[in-house]
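Respectively, the protein sequence lines represent chains A and B. The first sequence begins at 365 in our numbering and counts up one residue at a time. The second sequence begins at 796 in our numbering and counts up one residue at a time. Right, one structure below, let's go through it.
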Amino acid sequence: MIDRRALLISVALLALMLGAAAWRVALLPDWTHFPYYLPDRTLVERNTLWLLVAPTCVAIVAGIFARNARRAVASPRAAGPWTRWGNTLLIVYSAICTLLQAFILARSLGLAPAIDPTAVGRIGLVLLAGLLVVSANVMPKLPLVQWRSKRNLDPARLGQLMRFSARMQVLTGIAVMAVAVFVRLPVKGTPIVFAIIASSILVQFVRGWQMRREQAREHSGS
Amino acid sequence: MNLVFKALADPTRRGVLQLLRQRPMTAGEIAENFAISKPTLSAHFAILREADLIEAEKQGKTITYRLKLSVLEDALLSFADTVGVGIPLTGIAKPARSRRS
Chain A
365 MIDRRALLIS VALLALMLGA AAWRVALLPD WTHFPYYLPD RTLVERNTLW LLVAPTCVAI
425 VAGIFARNAR RAVASPRAAG PWTRWGNTLL IVYSAICTLL QAFILARSLG LAPAIDPTAV
485 GRIGLVLLAG LLVVSANVMP KLPLVQWRSK RNLDPARLGQ LMRFSARMQV LTGIAVMAVA
545 VFVRLPVKGT PIVFAIIASS ILVQFVRGWQ MRREQAREHS GS
Chain B
796 MNLVFKALAD PTRRGVLQLL RQRPMTAGEI AENFAISKPT LSAHFAILRE ADLIEAEKQG
856 KTITYRLKLS VLEDALLSFA DTVGVGIPLT GIAKPARSRR S
């Protein structure tokens with residue numbers, strides 16, 4: 365859950381990223397590609413769609429938080445901690461993505477030539493994964509909230525699922541950090557990172573589905 | 796963090812946390828699993844609440860306790876149980892006579 369202030373800040377950062385990308389592309393003769401300087405000052409062409417990656421990531425996360433805020437059924441006592449948690453997570457995430465976008469645009473303009481883009485990519489990935497680890501670590505301490513759904517879990521199972529999800533997300537964050545530090549980016553590392561994240565989401569989804577099925581069986585049996 | 800280590804150092808308190816892993820429980824349901832007096836158990840609850848490892852919710856005359864462990868604290872609990880001495884959880888209510896004696 366998030367409040368309006370955090371949503372406005374993330375939307376503002378999103379607008380900033382898109383505006384900067386649009387400005388850069390508008391200066392180019394060919395809008396489908398933009399120039400990108402490698403550390404050895406070699407000029408390569410990158411597809412313009414890469415400038416939409418960071419804004420899209422922020423838009424997806426902000427959208428998920430905004431949607432959850434509308435779907436959650438929580439008392440003011442329970443909503444407060446979740447809102448603070450969501451606000452911090454969304455704003456820090458948006459800020460990191462904005463910095464990465466700024467670096468890409470700076471390289472496109474030939475600025476910051478000495479900074480190794482692979483190192484920046486690693487640092488960005490470590491920061492994002494670290495954000496996941498820190499936020500998921502405290503998730504089980506937050507009050508339980510239910511959703512506007514007919515398939516809500518009972519409090520016991522909801523607590524178990526939250527602890528399971530939090531553990532999976534912490535492990536995912538640690539694994540992604542390890543890949544960012546030790547594996548060659550982006551050739552081998554990027555598919556591995558996507559595979560780790562996709563597996564984690566799938567496992568959590570399956571576990572939630574299993575628990576709902578167990579609960580439904582118990583209720584139909586009784 | 797000192798409060799967390801202090802809370803996890805005691806096997807009874809670790810036993811309480813292990814019980815609450817299954818589901819939220821009332822103080823009475825938890826007490827059935829331990830052969831100690833209620834005032835002593837209440838003291839353990841107070842230490843766990845001070846360390847922010849459990850949350851108490853009053854519903855009428857009963858207090859229901861819910862687990863409130865972060866992932867790191869959960870890992871510390873598992874580690875302390877693995878390395879330390881835990882109380883076996885029989886899950887069987889002790890008869891009042893044996894508790895008094």
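Glycine residues also receive a C-beta, built at the ideal position from the N, C-alpha and C atoms.
Residue range of the unbroken alpha helix (DSSP H) whose run includes residue i
| i | result |
| --- | --- |
| B:Phe-829 | Looking at the DSSP string, B:Phe-829 is not in any alpha helix (DSSP H), and its letter there is neither H nor E. |
| B:Pro-819 | From DSSP, B:Pro-819 is part of no alpha helix (DSSP H); its letter is neither H nor E. |
| A:Pro-519 | 519 to 546 |
| A:Arg-441 | 440 to 472 |
| B:Lys-906 | The requested residue 906 of chain B is not part of the displayed model; chain B covers only 796 to 896. |
| A:Ile-366 | Neither: A:Ile-366 is in no alpha helix (DSSP H) and is coded neither H nor E. |
| A:Ile-487 | 481 to 502 |
| B:Ser-837 | 833 to 845 |
| B:Leu-867 | 866 to 878 |
Beta-carbon neighbours of residue i, restricted to chain A and to distances below 7 Å
| i | result |
| --- | --- |
| B:Ser-865 | Asn-501, Val-502, Pro-504 and Lys-505 |
Residues bridged to residue i [DSSP beta-bridge criterion]
| i | result |
| --- | --- |
| B:Glu-852 | B:Thr-859 |
| A:Thr-412 | DSSP lists no partner for A:Thr-412. |
| A:Leu-407 | A:Tyr-401 |
| A:Val-437 | A:Gln-510 |
CB contact flag (residue i, residue j, <8 Å)
| i | j | result |
| --- | --- | --- |
| A:Pro-519 | B:Pro-819 | yes |
| A:Ile-655 | A:Leu-491 | Lying outside 365 to 586, the shown extent of chain A, residue 655 of chain A is not represented and no answer is given. |
| A:Leu-378 | A:Ala-423 | yes |
| A:Val-534 | A:Ala-500 | yes |
| A:Met-365 | A:Ala-443 | yes |
| B:Leu-814 | B:Ile-831 | no |
| A:Leu-525 | A:Arg-571 | yes |
| B:Ile-849 | B:Thr-821 | no |
| B:Glu-868 | B:Arg-861 | no |
| A:Ser-374 | A:Ala-426 | yes |
| B:Val-866 | A:Arg-531 | yes |
| A:Arg-410 | A:His-397 | yes |
| A:Ala-384 | A:Leu-473 | no |
| A:Pro-440 | A:Leu-506 | no |
| A:Ser-529 | A:Gln-579 | no |
| B:Gly-810 | B:Phe-840 | no |
| A:Arg-486 | A:Val-545 | yes |
| A:Thr-447 | A:Asp-367 | yes |
| A:Val-540 | A:Leu-489 | yes |
Chain B residues whose Cβ lies nearer than 8 Å to that of residue i
| i | result |
| --- | --- |
| A:Pro-445 | Under the 8 Å cutoff, chain B gives no residues; its nearest Cβ is about 11 Å from A:Pro-445. |
| A:Arg-531 | Val-866 and Asp-869 |
| A:Gly-523 | Arg-818, Pro-819, Arg-861 and Leu-862 |
Neighbouring residues, chain B, relative to residue i (Cβ below 7 Å)
| i | result |
| --- | --- |
| A:Arg-527 | Asp-869 |
| A:Pro-519 | Pro-819 |
| A:Val-534 | Val-866 |
Rounded distance between the beta-carbons of residue j and residue i, thought under 8 Å
| i | j | result |
| --- | --- | --- |
| A:Ile-560 | A:Thr-536 | 6 Å |
| A:Leu-407 | A:Pro-399 | 5 Å |
| B:Ala-875 | B:Leu-843 | B:Ala-875 to B:Leu-843, Cβ: 13 Å. No contact. |
| B:Leu-798 | B:Ala-846 | 4 Å |
| B:Pro-806 | B:Gly-879 | 6 Å |
| A:Gly-454 | A:Phe-429 | Looking at the sequence provided, one finds Leu at residue 454 of chain A rather than Gly. The Cβ separation is near 6 Å, so the contact holds. |
| B:Leu-779 | A:Pro-504 | Here chain B has residues from 796 to 896 only, and residue 779 of chain B is not among them. |
| A:Asn-451 | A:Ala-376 | With 8 Å as the limit, A:Asn-451 and A:Ala-376 do not qualify as a contact, their Cβ atoms being about 14 Å apart. |
| A:Trp-573 | A:Val-502 | At roughly 25 Å, the Cβ-Cβ gap does not stay under 8 Å, so A:Trp-573 and A:Val-502 are not in contact. |
| A:Pro-403 | A:Pro-481 | 7 Å |
First and last residue of the uninterrupted beta strand (DSSP E) at residue i
| i | result |
| --- | --- |
| A:Pro-399 | 397 to 401 |
The ligand GDP heavy atom lying under 7 Å from the CB of residue i
| i | result |
| --- | --- |
| A:Asn-501 | Among the ligands in the structure shown, none appear at all, so the ligand GDP cannot be discussed. |
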